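So the sequence lines, in the order shown, correspond to chains A and B.
Heads up, the first sequence is in the numbering used here, so the first residue is 5 and it goes up one at a time.
Heads up, the second sequence is in the numbering used here, so the first residue is -18 and it goes up one at a time.
Here is the structure we will look at, set down as structure tokens.
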Amino acid sequence: MTSSSMATASPNGVHPTAEPERAAGTAGPEPILQLSDLRAGYGAIEVLHGIDLMVPAGGIFAVLGPNGAGKSTLLKVLAGLHPVSGGTIVMAGREVNRARPDDLARSGLCLIPEGRGVFANLTVEENLRLITHLGARPAEIEERTYARFPQLAVRRKQVAGTMSGGEQQMLALARSVATDPGLLLIDELSMGLAPRIVEMLYELVAEIARTGVTVIAVEQFARTILGIASSAVVITTGRVVLAGLPDEVESKLSGLYLGNVAD
Amino acid sequence: MHDLIAYTIFGLVTASIYAIAASGLVVTYTTSGVFNLAHGATGMFGAFVYWQLRFAWSWPAWLALLIVVGVLAPLFGCVIEKTLMRNLADATEATKLAVTIGVLVALVGAALWIWDPQTSRPFPAFYAGSKVEILGVPVTSDQLITVGIGVLCAVGLRVLLYRTRIGLDMRAVVDDRSLVLLNGGRPDRASMFSWALGSMLASLAGILIAPYLQLSVIPLTLLVVNAYAAAVIGRLRSLSMTVVGAVIIGLLQSYAVGYLPTSTVSWLQRLPDTIPIIVLFIALLVLPHQRLRGGASRRSREAFPLPTYRLALIGSAIVVVAAIVVGPLLGTQSLFSMSSGLALGIIGLSLVPLVGYGGQISLCQMTYAGIGAVVWAHATSRGNLLGLVLAFVVAALVGAITALPAIRLRGLYLALATAALAQFCDTFVFGLSSVTVFGHTIPLFGFGSLPASRPNFPLLREASDRTYFVLLAAIFCIVGIGIVALRRSRYGRMLLAMRESPAACAMLGLRLTTVKLGVFSLSAGIAGLGGALLAGLSTQFAPDAFSFFQNLPLLLLMMAGGVAMVSGAFFGAVALGVFSAVGSMSTLFNRAASVLPGLVGVGLGEQPNGVVADIAAGLAKLGRRGARRESAAPAVADAEPVWEWSGLDAPLNKQELAILDTALGVKAGV
């Protein structure tokens, strides 16, 4: 059932359709992602205890929560890297519970995994050349990318693993943008980076979102992401405990998530 | 000068072949993380199939070559990747190696089965006969062709990996397999391609080298050790350094043949053959290795329960009683087979602390056993039990001495170093007629075999075959209980910790070197004891009983039983005995039995914990199901945790602090 739904996937997949310049924050007519009672775990231990979530198309959707809440697992499940043990994932109108990660990627979903989502032993150029399933010529992809991220053009022959953490994350962002995604999942972009770099990276993310890409960003540190998000949820111990506009979430967050440090 | 050029040219010819074989190894290793010990066996099989097509069925050379290298070899590589290697991503290094050893043993068994080793098979070189002169030295056209193919392969691989899309994919898969998936790439396709390519290169190397050696199974299979050396010089990554390594080894070997005074100094005769092995050992030791890796250690699929004394004692009693009961029922040949299985089982027990607990892979236990056997044969001709102690001590000492240089190696590199050691003893030491230590000359296998007596235990002097069978069972059990005690001791926990995370152990202040050295000597000692007992069984023994190749079925069957469990070693012992007993029944069975250990090893990819652990887990599951039905206890899996951490990004609140204080036994507010 599910595999056939992948086989008949529209060529566009989850790519943004008519209105590319959708204003951030306003929900489209159809949610790009709908989770109902989503469950997943590791062996006998269930980590996600029935997540219900509706992500509107366009804008940045922040997923917050403390260590071990199941945020990364959620993203892995969405990207097809981790099996679903119950519930359904509907992406752009199609159920994708058992879709393979490469098929999802080809239909417009992109995950930047935790840590550095780059091929550390390949050069910047080679990292970008790996994207060929779009049918675009590698040179074309490089040209587009360097126009947007000029800093990477300088380092095109450099092995990615030797760049700074911020530059690596920038490459990861650049590579994901080059895949022309409709839905971009970002896992802890801020990990191990200085606040100034994180802010710069999230500015880039906001820019990407303005072109019509829906971004789901998982973060442990709430402040920066809530500044640019259009809506947010908080997950603790595998359950959604709070959902709403960023301001509402932020006001309740200190009590719920940061313990008793209310600034 | 003329000689030097001639030797250089010949060295370059062998170097080309080593380079082809070694780059195949490097390509598969870098893309799949599996070091293919069966690479040589693949080449050997390719050479045999080529011989069959070209000479037995008289096909034209180009067609035979095309079919073998262009069709059958890549097909074989694809099948191996798809059925075996793909599932090994989260297995331990030992399991990965064991699966490739399984393929090796199965291929060797199959080749011996199909092509009777007694028949001689001439394998003329390509277009032999025509010659050209280079710098006054006549060079045959086949030599030129070989060097040409070598250069072509090296350049072609370089272009493939760095200039083509599939090459980029292959390198990306090495870096991060799941990230390739997230990019919409197909990592499986890249892996499969690399295995097909590796297999092609192996068979090409096999076909090219066959004219220079004889077309025989074991030498062709083990020739790959020479390629290991080249690959290790390339640090299993760099193709260009691998080619450099191949050239070094080829030239050294050729010059050794030409310039060592082998006709006057008899012990030097076998040295040229061992040069690649020596180079491999030195390369392993000299090349820089990565530091202890920190960070989270990945959980592997292999897991073993803590053994209990009660179970060990009950099991031992059953084994000894079974030996007493079964012994009289067996015929002479079967009794011998089962006894040798038990003796090999004792050698196999040496793997339990080393591989099972400590995670150190050794491919030279049979060498230590051989040393134990030689010591036993020389120490006593009347079965004095002190001879067994001596066999243990000397083997343990040799184990410690050989482990000393290899101690900083881990995982695959350690396995290769031990393989080199076993090969060295095999081709050099055990071939010497005698060694002189401190003025005392110890004859080795100069005359083909050595006589050995059986140990004389009190009340059991000059044991008959049946008594010896029971004795072996009893000794197996005693050693087994000792190993259970070791596992339950502090030292056992240290070994396990070392396997799980060497970095964490170092942080805890454990002296890894001492722990490793200890377990290596203990294990070598046990192997030496087993070797002495094995020698006593057949009263005459030859070095091939302790050859490098004998290590492979032993390791496989021990791992198939479960290498971290004494019961697993017992399973291995029985399986070895049964295979040998079945093999002695008829030629057909003998050939089939030589394939079996290979198939068992291949099965390890699916069941890495071994048979015994799986049976035990199955029984435990059944037991739990029964218990649940009786008590109808409520399921706890879904129960709510009593309290939750907020995580480290926030200070704990008062309630959490109170819980933590109680848990740690700290007075509140301290």
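We put the beta carbon where it would ideally sit given N, CA and C, even for glycine.
All values reported here derive from a predicted model rather than from experimental measurement.
Asked	Found
Option nearest Thr76/B by Cα separation, candidates Tyr209/B, Gln531/B, Val15/B and Trp248/B	Val15/B
Distance CB(Gly170/A)-CB(Leu205/A) smaller than 8 Å	yes
Classification of His20/B by the beta-carbon crowding that lies within 10 angstroms, buried from 16 upward	buried
The stretch 44 to 56 of chain B touching the stretch 223 to 233 of chain B, judged by at least three CB pairs closer than 8 Å	no
is_contact[Arg152/B, chain A] using C-beta, thresh 8 Å	yes
Alpha-carbon spacing of Ala293/B relative to Leu503/B, whole angstroms	20 Å
Sequence-distant residues of its chain with Cβ nearer than 7 Å to Val(-6)/B (five each side left out)	Gln124, Thr127 and Val128
Range covered by the beta strand (DSSP E) that runs through Arg43/A	Pro35 to Tyr46
Contact set between Ser159/B and chain A, taken where Cβ atoms lie within less than 8 Å	Leu85, Pro105 and Pro117
Euclidean distance between Cα positions of Thr100/B and Phe317/B	29 Å
Alpha-carbon spacing of Ser473/B relative to Ala124/A, whole angstroms	The question names Ser, but residue 473/B is Gly in the sequence shown. If you take the alpha carbons of Gly473/B and Ala124/A, they lie about 38 Å apart.
Sequence-distant residues of the same chain with beta carbon closer than 8 Å to Met174/A, five excluded per side	Phe153, Gln155, Leu156, Leu205 and Leu208
C-beta neighbour in chain A for Asn164/B, strict 8 Å	yes
Classification of Phe551/B by the beta-carbon crowding that lies within 10 angstroms, buried from 16 upward	buried
Chain A contact residues for Arg167/B, given Cβ-Cβ distances below 7 Å	Asp106
Helix, strand or coil at Lys112/B according to DSSP, with G and I counted as helix	strand
Simplified DSSP state of His(-17)/B, which is helix, strand or coil	helix
Neighbour list for Val54/A in chain B, Cβ cutoff strictly below 7 Å	The question names Val, but residue 54/A is Gly in the sequence shown. Within 7 Å Cβ-Cβ: nothing; Gly54/A doesn't reach chain B, min ~11 Å.
Unbroken beta strand (DSSP E) run spanning Arg243/A, endpoints	Arg243 to Gly248
For Val253/A and Glu25/A, the rounded distance between their alpha carbons	Its pLDDT being 39, under 50, Glu25/A is placed unreliably by the model, and nothing is read from it.
Proximal residues to Phe411/B (C-beta, below 6 Å), its chain only, five neighbours per side dropped	Phe426 and Pro524
Of the residues Phe529/B, Ile507/B and Pro534/B, the one placed nearest Leu371/B, counting alpha carbons only	Ile507/B
Beta bridge counterpart(s) of Glu50/A as assigned by DSSP	Gly45/A
Enclosing alpha helix (DSSP H) for Ile328/B [first to last residue]	Thr313 to Leu330
Val335/A in three-state terms, based on DSSP	The question about residue 335/A has no answer, for chain A in this structure spans 5 to 267.
Per-residue burial, Leu489/B [other beta carbons within 10 Å of its own, 16 or more giving buried]	exposed
Contact set between Leu149/B and chain A, taken where Cβ atoms lie within less than 9 Å	Leu126, Glu130, Arg133 and Leu134
Proximity test, Cβ basis, 8 Å: Asp595/B and chain A	no
Near-chain B residues of the stretch 172 to 189 of chain A (beta-carbon distance less than 8 Å), N- to C-terminal order	Arg179 and Thr183
Ala27/A at chain B interface by Cβ criterion, 8 Å	Its pLDDT being 38, under 50, Ala27/A is placed unreliably by the model, and the measurement read from it follows with that caveat. No, because no Cβ of chain B sits closer than 8 Å to the Cβ of Ala27/A.
Where Glu99/A sits in the DSSP three-state scheme	strand
Sub-8 Å separation of Ala153/B and Leu134/A beta-carbons	yes
Environment of Ala601/B [buried if 16+ CB atoms lie within 10 Å]	exposed
Beta-carbon neighbours of Asp156/B, restricted to chain A and to distances below 8 Å	Phe123, Ala124, Asn125 and Leu126
Closer than 8 Å to chain B by CB, Arg110/A	yes
Cutoff 8 Å; reference Leu189/B; Cβ partners in own chain excluding five residues on either side	Ser(-3), Ile(-2), Ile1, Thr127 and Ile130
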